[in-house]
Amino acid sequence: AAIAARTSKLTMGLMVGSVTYRNPALAAKITTTLDIISGGRVWHGIGAGWFEQEHVAYGYDFPSLKTRFEMLEDELQVVRAMFTRDEARYSGEHFRVEGAYNNPKPVRGDIPILIGGSGEKKTLRFVAKYGDGCNLFAPDGDRVRHLLGVLEGHCNDVGRDYSEITKTALGRVLIAPTHAAAEAKKHVLLERGVPQESIDSMIA
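Per the numbering used here, the sequence shown starts with residue 3, numbered consecutively.
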């Protein structure tokens with residue numbers, strides 16, 4: 003909130019939160035509050051979640067991947083309704099709203115939704131259907147190009163203009179005095195539950 007209030011050009015948002023961490027209607031209200039404070043410079047970043055150890059540490063349930071994707075699809079519809087409608091109504095498999103208010107409304111009348119992940123069958127289809135942006139996890143440029151091709155195919159399938167979607171990719175840099183020391187840091191991250199695909203993208 004402090005950054006939102008003290009800057010004038012910076013855009014901000016999670017990259018990305020897990021659908022398992024907050025009720026979607028509450029998440030939408032939190033995002034909208036930051037949008038108001040910033041004068042309309044916030045995005046809503048969300049994904050299906052992957053870090054089981056973090057869920058265990060903080061006492062969150064970590065349902066199956068299938069269930070998390072069902073939750074994500076519900077969330078995407080709940081938050082859009084909260085951002086754009088006077089009264090949000092949606093009844094899904096895991097989440098529902100029944101005449102929920104979200105006032106004041108977002109400054110721009112809506113808030114961009116950024117969906118994180120690289121799943122070709124579901125995540126990228128959700129981007130085409132519901133998202134304004136994507137954040138891909140990929141080890142190299144070839145993989146990013148492949149994933150963008152998959153996204154373009156999903157856009158064609160649902161009649162969405164591919165150029166409307168903002169494309170971003172997540173990368174990490176490990177800094178160490180030697181290559182061996184950087185490789186050792188990778189092993190520590192792997193032991194902590196960071197996915198191999200994400201670790202492969204790191205630059206030693």
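Beta carbons: idealized from backbone N, C-alpha and C, even for Gly.
Since Leu126 and Val152 should fall inside the 8 Å C-beta cutoff, what is the C-beta to C-beta distance between them, to a whole number of angstroms?
Cβ-Cβ separation between Leu126 and Val152: approximately 5 Å, consistent with a contact (criterion under 8 Å).
Rounded to a whole number of angstroms, what is the C-alpha to C-alpha distance between His189 and Asp142?
About 19 Å.
Does the Cβ-Cβ distance between Asn104 and Ala178 come in under 9 Å?
By the CB criterion at 9 Å, Asn104 and Ala178 fall outside the cutoff.
Please report the straight-line C-alpha distance between Leu74 and Val21, rounded to a whole angstrom.
Leu74 and Val21: Cα-Cα distance of roughly 6 Å.
Could you check what DSSP says for Phe64 in three-state terms: helix, strand or coil?
DSSP places Phe64 in coil when its eight states are reduced to three.
Mapping the DSSP letters down to three states, classify Leu12 as helix, strand or coil.
Leu12: coil per DSSP, three-state reduction.
According to DSSP, is Arg82 part of a helix, a strand, or is it coil?
In the structure shown, Arg82 adopts helical secondary structure according to DSSP, grouped into three states.
Just verifying my parser: in three-state terms, what is the DSSP assignment at Phe139?
In the structure shown, Phe139 sits in a strand (DSSP, three-state: E or B).
Per the contact definition of three or more C-beta pairs closer than 8 Å, is the segment 54-68 in contact with the segment 27-41?
Of all C-beta pairs linking the segment 27-41 to the segment 54-68, fewer than three are shorter than 8 Å, placing the two stretches out of contact.
Quick one: grab the DSSP three-state call for Arg98.
Note: Arg98 maps to strand in three-state DSSP.
Enclosing alpha helix (DSSP H) for Leu116 [first to last residue]:
Membership of Leu116 in any alpha helix (DSSP H) is not indicated; the residue belongs instead to the beta strand (DSSP E) covering 115-118.
Quick check on the DSSP output: the beta strand (DSSP E) that includes Leu172 runs from which residue to which?
It spans 168-172 - the beta strand (DSSP E) in which Leu172 sits, taken as one unbroken run.
Every unbroken alpha helix (DSSP H) inside the segment 26-63 [4 residues or more]:
Listed in chain order, the complete alpha helix (DSSP H) runs (minimum 4 residues) inside the segment 26-63 are 26-40, 54-60.
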